[in-house]
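Working notes, structure below.
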Amino acid sequence: MTRDQPPARKPPRLVTAQYLENAALHYLQRFASSSASLRRVLMRKVDRSAQAHGTDPAEGARWVEDLIARYQRSGLLNDVAYAEMRAASLHRRGTSTRAIREKLSAKGIGRDEADRALESLDEEVEGDLNLTAALALARRRRLGPYRLPEKRAAFRDKDLAALGRAGFAYDIARRVVDAEDPDSVE
1209 MTRDQPPARK PPRLVTAQYL ENAALHYLQR FASSSASLRR VLMRKVDRSA QAHGTDPAEG
1269 ARWVEDLIAR YQRSGLLNDV AYAEMRAASL HRRGTSTRAI REKLSAKGIG RDEADRALES
1329 LDEEVEGDLN LTAALALARR RRLGPYRLPE KRAAFRDKDL AALGRAGFAY DIARRVVDAE
1389 DPDSVE
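Residue numbering for the sequence shown follows the numbering used here, starting at 1209 and increasing by one per position.
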(Lines of atoms letter the chains of each structure in order from A and count residues from 1; the text may use other names and numbers.)
(Lines give C-alpha, C1' and ligand atoms only; values in the text may rest on other atoms or scores of the structure.)
Protein backbone atom coordinates (compact mmCIF):
# COMPACT_ATOMS: atom_id res chain seq x y z
CA MET A 1 0.00 0.00 0.00
CA THR A 2 1.49 3.35 -1.01
CA ARG A 3 0.95 6.73 0.54
CA ASP A 4 -0.29 9.60 -1.56
CA GLN A 5 1.09 12.21 0.83
CA PRO A 6 4.21 12.28 2.95
CA PRO A 7 3.66 12.07 6.70
CA ALA A 8 2.75 15.40 8.26
CA ARG A 9 5.50 17.21 10.10
CA LYS A 10 4.82 17.78 13.73
CA PRO A 11 4.37 21.47 14.57
CA PRO A 12 7.16 23.28 16.44
CA ARG A 13 6.87 23.69 20.18
CA LEU A 14 5.52 26.84 21.70
CA VAL A 15 8.55 28.87 22.78
CA THR A 16 8.76 30.00 26.39
CA ALA A 17 11.70 31.31 28.40
CA GLN A 18 12.05 27.92 30.11
CA TYR A 19 11.90 26.06 26.79
CA LEU A 20 14.65 28.28 25.35
CA GLU A 21 16.83 27.72 28.41
CA ASN A 22 16.41 23.95 28.15
CA ALA A 23 17.14 24.05 24.42
CA ALA A 24 20.24 26.21 24.98
CA LEU A 25 21.62 23.93 27.69
CA HIS A 26 21.00 20.85 25.55
CA TYR A 27 22.73 22.52 22.58
CA LEU A 28 25.73 23.57 24.69
CA GLN A 29 26.05 20.05 26.10
CA ARG A 30 26.37 18.68 22.59
CA PHE A 31 28.40 21.38 20.83
CA ALA A 32 31.05 23.94 21.63
CA SER A 33 29.47 27.18 20.50
CA SER A 34 30.01 30.87 20.09
CA SER A 35 27.34 33.23 21.35
CA ALA A 36 26.39 34.09 17.75
CA SER A 37 25.89 30.41 16.88
CA LEU A 38 23.72 29.84 19.94
CA ARG A 39 21.76 32.99 19.10
CA ARG A 40 21.11 31.69 15.55
CA VAL A 41 19.90 28.31 16.84
CA LEU A 42 17.57 29.84 19.42
CA MET A 43 16.23 32.51 17.07
CA ARG A 44 15.34 29.80 14.55
CA LYS A 45 13.22 28.19 17.26
CA VAL A 46 11.61 31.55 18.08
CA ASP A 47 10.84 32.23 14.41
CA ARG A 48 9.30 28.79 13.88
CA SER A 49 7.17 29.21 16.97
CA ALA A 50 6.06 32.67 15.84
CA GLN A 51 4.95 31.28 12.48
CA ALA A 52 3.14 28.27 13.93
CA HIS A 53 1.65 29.74 17.10
CA GLY A 54 1.58 33.49 16.50
CA THR A 55 3.89 34.25 19.42
CA ASP A 56 5.69 37.57 19.61
CA PRO A 57 9.16 37.28 18.00
CA ALA A 58 10.35 40.43 19.80
CA GLU A 59 9.63 38.84 23.17
CA GLY A 60 11.44 35.67 22.08
CA ALA A 61 14.42 37.76 20.95
CA ARG A 62 14.53 39.44 24.38
CA TRP A 63 14.52 36.03 26.07
CA VAL A 64 17.36 34.87 23.81
CA GLU A 65 19.45 37.99 24.49
CA ASP A 66 18.88 37.73 28.26
CA LEU A 67 19.83 34.06 28.20
CA ILE A 68 23.02 34.69 26.21
CA ALA A 69 24.03 37.60 28.47
CA ARG A 70 23.48 35.42 31.55
CA TYR A 71 25.52 32.56 30.07
CA GLN A 72 28.35 34.95 29.16
CA ARG A 73 28.44 36.36 32.70
CA SER A 74 28.53 32.87 34.19
CA GLY A 75 31.26 31.71 31.78
CA LEU A 76 29.13 29.08 30.08
CA LEU A 77 29.57 31.00 26.82
CA ASN A 78 33.04 32.43 26.19
CA ASP A 79 33.76 33.58 22.65
CA VAL A 80 37.48 34.09 23.29
CA ALA A 81 37.95 30.56 24.64
CA TYR A 82 35.81 29.16 21.81
CA ALA A 83 37.90 31.03 19.23
CA GLU A 84 41.16 29.73 20.72
CA MET A 85 39.89 26.15 20.83
CA ARG A 86 38.47 26.29 17.31
CA ALA A 87 41.62 27.92 15.88
CA ALA A 88 43.83 25.23 17.45
CA SER A 89 41.56 22.48 16.13
CA LEU A 90 41.52 23.90 12.60
CA HIS A 91 45.30 24.40 12.66
CA ARG A 92 45.87 20.77 13.63
CA ARG A 93 43.75 19.73 10.62
CA GLY A 94 45.93 21.81 8.31
CA THR A 95 43.85 24.95 7.85
CA SER A 96 45.65 28.15 6.82
CA THR A 97 45.45 31.24 9.02
CA ARG A 98 43.37 33.00 6.37
CA ALA A 99 40.85 30.14 6.33
CA ILE A 100 40.83 30.04 10.15
CA ARG A 101 39.91 33.74 10.23
CA GLU A 102 37.11 33.15 7.71
CA LYS A 103 35.70 30.17 9.61
CA LEU A 104 35.77 32.05 12.91
CA SER A 105 34.06 34.99 11.26
CA ALA A 106 31.35 32.67 9.93
CA LYS A 107 30.76 31.52 13.52
CA GLY A 108 30.24 35.12 14.65
CA ILE A 109 33.67 35.66 16.20
CA GLY A 110 34.88 39.24 15.84
CA ARG A 111 38.17 40.21 14.24
CA ASP A 112 39.76 41.10 17.60
CA GLU A 113 38.91 37.74 19.15
CA ALA A 114 40.15 35.92 16.03
CA ASP A 115 43.43 37.86 16.12
CA ARG A 116 43.83 37.08 19.82
CA ALA A 117 43.17 33.38 19.16
CA LEU A 118 45.76 33.27 16.38
CA GLU A 119 48.31 35.09 18.55
CA SER A 120 47.73 32.55 21.31
CA LEU A 121 48.11 29.73 18.80
CA ASP A 122 51.32 31.29 17.45
CA GLU A 123 52.80 31.26 20.97
CA GLU A 124 51.99 27.55 21.37
CA VAL A 125 53.24 26.36 17.97
CA GLU A 126 56.91 26.19 17.08
CA GLY A 127 57.71 27.82 13.75
CA ASP A 128 55.46 29.47 11.20
CA LEU A 129 51.74 28.76 11.66
CA ASN A 130 51.03 28.47 7.94
CA LEU A 131 54.01 26.20 7.33
CA THR A 132 53.08 23.79 10.13
CA ALA A 133 49.44 23.80 8.98
CA ALA A 134 50.51 23.13 5.37
CA LEU A 135 52.59 20.18 6.56
CA ALA A 136 49.62 18.86 8.55
CA LEU A 137 47.38 19.12 5.48
CA ALA A 138 50.02 17.48 3.29
CA ARG A 139 50.31 14.60 5.76
CA ARG A 140 46.52 14.20 5.99
CA ARG A 141 46.01 14.31 2.21
CA ARG A 142 49.30 12.54 1.33
CA LEU A 143 50.69 15.44 -0.67
CA GLY A 144 54.29 16.30 -1.48
CA PRO A 145 56.78 14.50 0.79
CA TYR A 146 54.04 12.16 2.03
CA ARG A 147 53.30 10.84 -1.47
CA LEU A 148 55.02 7.74 -2.87
CA PRO A 149 58.39 8.82 -4.34
CA GLU A 150 57.66 7.42 -7.80
CA LYS A 151 54.45 9.49 -8.09
CA ARG A 152 55.70 12.80 -6.70
CA ALA A 153 56.81 14.38 -9.97
CA ALA A 154 53.58 13.48 -11.77
CA PHE A 155 51.41 15.00 -9.03
CA ARG A 156 53.52 18.07 -8.17
CA ASP A 157 51.20 20.59 -9.86
CA LYS A 158 48.10 18.98 -8.36
CA ASP A 159 49.66 19.06 -4.90
CA LEU A 160 50.54 22.75 -5.32
CA ALA A 161 46.99 23.47 -6.46
CA ALA A 162 45.49 21.60 -3.48
CA LEU A 163 47.57 23.64 -1.04
CA GLY A 164 46.71 26.84 -2.90
CA ARG A 165 42.98 26.09 -2.73
CA ALA A 166 43.39 25.49 0.99
CA GLY A 167 44.56 29.11 1.34
CA PHE A 168 48.33 28.74 1.50
CA ALA A 169 50.68 31.12 -0.29
CA TYR A 170 52.58 29.74 -3.29
CA ASP A 171 55.92 30.05 -1.48
CA ILE A 172 54.77 27.88 1.42
CA ALA A 173 53.06 25.36 -0.88
CA ARG A 174 56.21 25.08 -3.00
CA ARG A 175 58.43 24.58 0.07
CA VAL A 176 56.19 21.77 1.32
CA VAL A 177 55.70 20.01 -2.03
CA ASP A 178 59.36 20.22 -3.07
CA ALA A 179 60.72 18.98 0.27
CA GLU A 180 62.50 15.64 0.11
CA ASP A 181 61.02 14.59 3.44
CA PRO A 182 58.81 16.37 6.00
CA ASP A 183 61.71 17.06 8.35
CA SER A 184 63.71 18.89 5.68
CA VAL A 185 61.18 21.73 5.30
CA GLU A 186 62.83 24.84 6.67
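Each residue gets a CB set at the ideal place from its N, CA and C atoms; glycine is no exception.
Note the first and the last residue of the continuous alpha helix (DSSP H) segment covering residue i.
i               : result
glutamate 1229  : 1225-1238
asparagine 1338 : 1337-1349
aspartate 1323  : 1319-1332
arginine 1382   : 1378-1385
arginine 1364   : 1364-1373
leucine 1303    : The amino acid occupying residue 1303 in the given sequence is threonine; leucine does not appear at that position. First-last for threonine 1303: undefined, no H or E at that position.
With a CB to CB cut of under 7 Å and the five nearest residues on each side skipped, what residues in its chain are close to residue i?
i               : result
valine 1272     : Leu1228, Arg1247, Leu1250, Met1251 and Val1254
leucine 1343    : Val1384, Pro1390 and Val1393
alanine 1240    : Tyr1290 and Met1293
isoleucine 1276 : Ser1243, Leu1246, Arg1247 and Leu1285
alanine 1341    : His1299, Gly1302, Thr1303 and Ser1304
Report all residues from its chain with a CB closer than 6 Å to the CB of residue i; omit the five preceding and five following residues, and keep chain order.
i              : result
alanine 1258   : Pro1265
leucine 1236   : none
glutamate 1331 : none
arginine 1278  : none
Just to check my reading of the structure: residue i and residue j have Cβ atoms closer than 8 Å, yes? What is that Cβ distance to the nearest angstrom?
i             : j             : result
alanine 1387  : leucine 1368  : Not confirmed; about 13 Å, so no contact.
alanine 1315  : leucine 1298  : The question names alanine, yet the displayed sequence has lysine at residue 1315. Not confirmed; about 11 Å, so no contact.
proline 1215  : alanine 1260  : With 8 Å as the limit, proline 1215 and alanine 1260 do not qualify as a contact, their Cβ atoms being about 17 Å apart.
glycine 1268  : valine 1333   : About 42 Å; that fails the 8 Å criterion.
alanine 1361  : glycine 1352  : So it is not a contact: roughly 11 Å between Cβ atoms.
arginine 1301 : arginine 1348 : 7 Å
Spatial neighbours of residue i within its chain, please: C-beta separation below 8 Å, excluding the five flanking residues on both sides.
i               : result
leucine 1326    : Ala1295, Thr1305, Ile1308, Arg1309 and Leu1337
asparagine 1286 : Gln1280
valine 1288     : Glu1321, Arg1324 and Ala1325
arginine 1355   : Phe1363 and Asp1367
glutamine 1213  : none
leucine 1339    : Ile1380, Arg1383, Val1384 and Val1393
serine 1313     : Arg1319 and Ala1322
tyrosine 1378   : Leu1368 and Gly1372
alanine 1231    : Val1249, Leu1250 and Lys1253
Please tell me whether residue i has its Cβ less than 8 Å away from any Cβ of chain B.
i            : result
glycine 1302 : Absent from the structure is chain B; it holds one protein chain and no more.
#### Entry: Ordered list of alpha helix (DSSP H) runs contained in the segment 1252-1297, each at least 4 residues
1265-1282
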